[in-house]
Amino acid sequence: MRLIWQSFQANNPSIDGSGTTIAVLDTGIDLDHPFFGSDANGDGISDKIVASQDFHGEGMEHRIRTDMERSLRIAMSSDTSLPGVAPGANVAAIQVLGANGGFTSSVEAGLQWVISNASALNITSVNLSLGDGSNSNIESAAGLISDELAALRSMGVITFAAAGNSFGTFNAQGLGDPAIDPNALAISALDSANEGAASYSQRSETLTAVFAPGTFITNAAPGAGAATQTLSGTSMASPYVAGVSSLMRQLNPNLSVDDFETFLTQSASTFSDPATGGTYRVVDVNALSSLVSGAPPSAPTTLHQHPRKFG
112 MRLIWQSFQA NNPSIDGSGT TIAVLDTGID LDHPFFGSDA NGDGISDKIV
162 ASQDFHGEGM EHRIRTDMER SLRIAMSSDT SLPGVAPGAN VAAIQVLGAN
212 GGFTSSVEAG LQWVISNASA LNITSVNLSL GDGSNSNIES AAGLISDELA
262 ALRSMGVITF AAAGNSFGTF NAQGLGDPAI DPNALAISAL DSANEGAASY
312 SQRSETLTAV FAPGTFITNA APGAGAATQT LSGTSMASPY VAGVSSLMRQ
362 LNPNLSVDDF ETFLTQSAST FSDPATGGTY RVVDVNALSS LVSGAPPSAP
412 TTLHQHPRKF G
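Residues 112 to 422 (this note's numbering) are what the sequence shown spells out, left to right.
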């Protein structure tokens, strides 16, 4: 999967997500981490971070658990040694969680800020690498934030949500909330070989939009210089696809949320999952770009996974 992404970059060097902004709602962030671009004006904030807001109260540079950095590195790191999927994209960093989680009301406030500022900042997507630890295989409105997710979709802003990491607990198809919301695109995580479902990843044939790389991913970490850490989870897979959406929006600025969702699923490769007996889709950047740009897509590839026990 990484090779497919790299081949797209090699064949389309000018398509890097420029002109788009990804809003990331998560924990705090090291605002001057070099992965997020230079600080030309010396204000202590990397230039690609075009906005930062704190709706949780611990401060944007809360260093105990800076999960936002993993999302940003995957989506839009401009570091040449560890580039993100869309290194030209900007980011709006919105803290809604702390070291011990947070409240839905904070997420709602963050989404309302995105709605108010989407036009001015050209926010094209939202990443929600957060959830409540539940498991449902029924599409359902995501409580307090369902109205905001619907409003974002109507504005043309694509919302991505991590599927959840509790498959080992439930051992059944299903996703956490808010990934079950009809106005969020749920993203599940591939295993380390990018051939099948990660053992921890929640998944649903009907609710998961696509799987994406999410296991043993090198991310930005708080600390001196270009500090890194290796993590796994659907929280890594979701920003990957958010980054892909920035590439597609640069290719076709008029791309609607409905069309993106349709093209994403139509262009995906597939694999069979022995743990659930289901067939799932995997994001295919090259095939997706062909649909988005109007060119005939190549035939999707079917990935074959050796039977094994999960959980």
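Even glycine gets a Cβ: it sits at the ideal position worked out from N, Cα and C. Keep in mind the model is a prediction, meaning the values are calculated, not measured.
Let me know if residue i comes out buried or exposed under the rule of 16 or more other beta-carbons within 10 Å of its beta-carbon.
i: Phe271; result: buried
i: Ala304; result: exposed
i: Ser277; result: buried
i: Thr341; result: exposed
i: Ser149; result: exposed
i: Ala151; result: exposed
i: Asn294; result: buried
i: Ser157; result: buried
i: Thr373; result: exposed
i: Gln117; result: exposed
i: Asp137; result: buried
i: Ser217; result: buried
i: Gly405; result: exposed
By how many angstroms is the C-alpha of residue j removed from the C-alpha of residue i?
i: Val108; j: Gln223; result: Since the first residue of the chain shown is 112 and the last is 422, residue 108 is not available in this structure.
i: Val268; j: Asn365; result: 11 Å
i: Gly155; j: Phe147; result: 12 Å
i: Asp127; j: Gly199; result: 5 Å
i: Thr390; j: Val403; result: 24 Å
i: Gly153; j: Val394; result: 38 Å
i: Ala134; j: Gly221; result: 10 Å
i: Gly325; j: Leu358; result: 19 Å
i: Ser378; j: Leu399; result: 5 Å
i: Ile226; j: Leu263; result: 6 Å
i: Leu239; j: Leu142; result: 19 Å
i: Ala308; j: Ser380; result: 13 Å
i: Ala162; j: Val202; result: 7 Å
i: Gly242; j: Ala261; result: 18 Å
i: Gly168; j: Phe382; result: 42 Å
i: Ser125; j: Lys159; result: 17 Å
i: Ala229; j: Ala273; result: 21 Å
i: Phe423; j: Glu259; result: As displayed, the chain neither begins before 112 nor continues past 422, which places residue 423 out of reach and without an answer.
i: Ser265; j: Asp369; result: 10 Å
i: Gln313; j: Gly275; result: 5 Å
Excluding the 5 residues preceding and the 5 following residue i in the sequence, name in chain order all residues of the same chain whose CB lies nearer than 7 Å to its CB.
i: Ala252; result: Asp292
i: Ser245; result: Gly287, Asp288
i: Leu232; result: Thr132, Val161, Ala162, Ala203
i: Arg360; result: Thr131, Thr235, Leu366
i: Phe388; result: One detail in the question is off: residue 388 reads as Gly in this sequence, not Phe. So no residue of the chain qualifies.
Closer than 6 Å by C-beta to residue i: which residues in its own chain qualify, once you throw out the five before and the five after it? Chain order, please.
i: Gln164; result: Ile205, Trp224
i: Ile249; result: none
i: Ala323; result: Ile298, Ala348, Tyr351, Val352, Val394
i: Ala121; result: none
i: Phe281; result: Asn246
i: Ser356; result: Ser236, Ile269
Can you name, in chain order, every residue of its own chain whose Cβ lies under 8 Å from the Cβ of residue i, other than the five neighbours on each side?
i: Thr215; result: Gly254, Leu255, Ile256
Problem set entry | Given 8 Å, three or more beta-carbon pairs between the region 202-217 and the region 299-317 | no
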